[in-house]
Amino acid sequence: MAPPAMQSPGELSGGARPHVMFIPSAGMGHLLPFFRFIAALANHDVDISVVTVLPTVSAAEADHFARLFEAFPRVRRVDFHLLSLDASEFPDDDDPFCLRWEALRRSAHLLGPLIAGATPRVSAVITDVTLTSHVVPIAKELHVPCHVLFISCATMLSLLAYIRVHLDKKAEPGRGVGDVDIPGVRHIPQSYLPQSLLDLSKLFTKQFIDNGREIINADGCLVNTFEALEPVALAALRAGKVVPGFPPVYAIGPLKSHTSTANDKPETTSFPVAWLDEQPARSVVYIAFGNRNTVSRDQLREIAAGLEASSSRFLWVLKTTNVDRDDNAELTDVLGDGFLERVQGRGLVTKAWVDQEALLKHPSVGMFLSHSGWNSVTEAAAAGVPLLAWPRGGDHRVNATVVVSGGVGVWMELWRWDGEEKLVSGEEIGEKVKEVMSNVAVRARATRTGEVAAMAVAEGGTSYRSLQEFVGKLKAT
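So the number in the numbering used here is just where the residue sits in the sequence shown, counting from 1, plus 368.
This is the structure we're talking about:
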């Protein structure tokens, strides 16, 4: 579906209403929180424009942008064309999303005229953390407040803010990052850190450190979390324990979809939902490892064997490539002959994009086997569904610490992630699935977390008040 044409700048002039320009980056893990926050802010008498980089990296990105503009026609689309980036300049980095972030950073100077020339006048910018080091200075030069929408947990935000201090303290900076003791938050072993961060020459690491250095100059940080989930990290950031003078932190989560009834209707009749409707309450294991995370063929076979051995009903959203447009593998080739036939009736495997938020809220789902990407963690928390965390890379192990401390679920700390050689056997996977599915205490904690999450976003709750405070700040600008 093609996005609608951009509306003329003066077409929806909002008078005294604040005009917020969103500058997201790439990857559905980054874009989904933006779409959800844009939808939430659209209900607060705020004029909104969204910088849209075309073409998108993945088909899912293009589809979700189209849905956003269809559901909220008053939201302006501002097309942004990147300068070309020679990928051969980064021979050791083939992550298409990281390369897109770098292309955005190098084209960021072109954003200045877009911000300065917008009508009505832009009263605030909200950008992605991956662009912080370049967008914040541009907004400051234009005297426009700039806020960062942080798409991971507050614990990860504290790591981002503190990493430059940690590296400056190291007696031997060339010896790698090492364990990180974040003041007022927690000890982060090196094995929990994003793998790319361990190599100081990596593109991601340079971006991470640059963004961590600049974020202190932002006017505020919006985080998709809630007070009861991460009280220690949020308190430490706000008190200046992590780094002195850190900007205001608004815990506004868990963010949820705010699509129109018309847009919701097709999802309610989708084939995964129809299949779930036929299953008993809390009987289904939902398996998904995010939109950017692939799992090796050998490990996929072990997961299949574990699900088969567990005797549990399951819904498995399977990926074989980093970018969905490249995923053309047949399920039979991936999972082996006979698997789909043997689990027919109690197992459903799909490569289609699904509304994960809606699936987790379905009464038949009893557990979520996940990479513990932060969107998945917050969606599980909101749904009150126990999450079995199997981190795959990036911020996932840091997120998994919150899964445990926040009562969202359990973490198999010894299970391998990308780059580690050991396979997790199907036997071990099957046993753990059965154990978590039958664990009454784990389920009770997850249910309670879901109740607390609902209270946070309800009128008068902590996240509700935090959002109201932020909107009030926008309108006072």
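Glycine included, C-beta positions come from ideal geometry on N, C-alpha and C.
With 16 or more neighbouring CB atoms inside 10 Å of its own CB, T746 falls in the buried class.
Two segments are said to touch when three or more pairs of C-beta atoms, one from each, lie closer than 8 Å; by this definition the region 516–530 touches the region 587–604. A direct Cα-to-Cα measurement between P754 and P481 gives close to 47 Å. Taken through DSSP and simplified to helix, strand or coil, I506 comes out as helix.
When secondary structure is reduced to three states using DSSP, S417 falls in the strand class. H387 is bridged by DSSP to D415.
Ranking S740, L703, V617 by CA distance to the CA of A604 puts V617 first. Runs of the beta strand (DSSP E) lying entirely within the region 459–531, each at least 3 residues long, are 492–496, 514–518 in chain order. Boundaries of the alpha helix (DSSP H) harbouring V801: 794–805, taken from the DSSP string. Taking the C-beta atoms as reference points, V685 is found nearer than 7 Å to A656. In this structure, the straight-line span from the alpha carbon of G828 to that of R554 is close to 30 Å. When only Cα atoms are considered, E470 and R606 end up about 30 Å apart. The residue among A410, R784, I620 with its C-alpha nearest the C-alpha of E796 is R784.
Between the region 761–768 and the region 824–840, the count of C-beta pairs closer than 8 Å stays below three; the two stretches do not touch. Taking a cut-off of 8 Å for Cβ pairs, the region 558–572 and the region 482–496 do not touch, as fewer than three such pairs fall below it. Selection P622, L528, P557 evaluated against E582 yields L528 as nearest (Cα-Cα). Secondary structure at M780: coil, using DSSP grouped into helix, strand and coil. Pairwise C-beta distances place the region 699–713 out of contact with the region 725–741, as fewer than three of them are shorter than 8 Å. Taking C-beta atoms as the reference points, R532 and I577 count as a pair closer than 7 Å. Around the CB of G613, fewer than 16 other CB atoms lie within 10 Å, so the residue is classed as exposed. At a Cβ-Cβ threshold of 7 Å, H502 and A476 count as neighbours. By the Cβ-count criterion, V808 is exposed, with fewer than 16 other Cβ atoms from all chains shown falling within 10 Å of its own Cβ.
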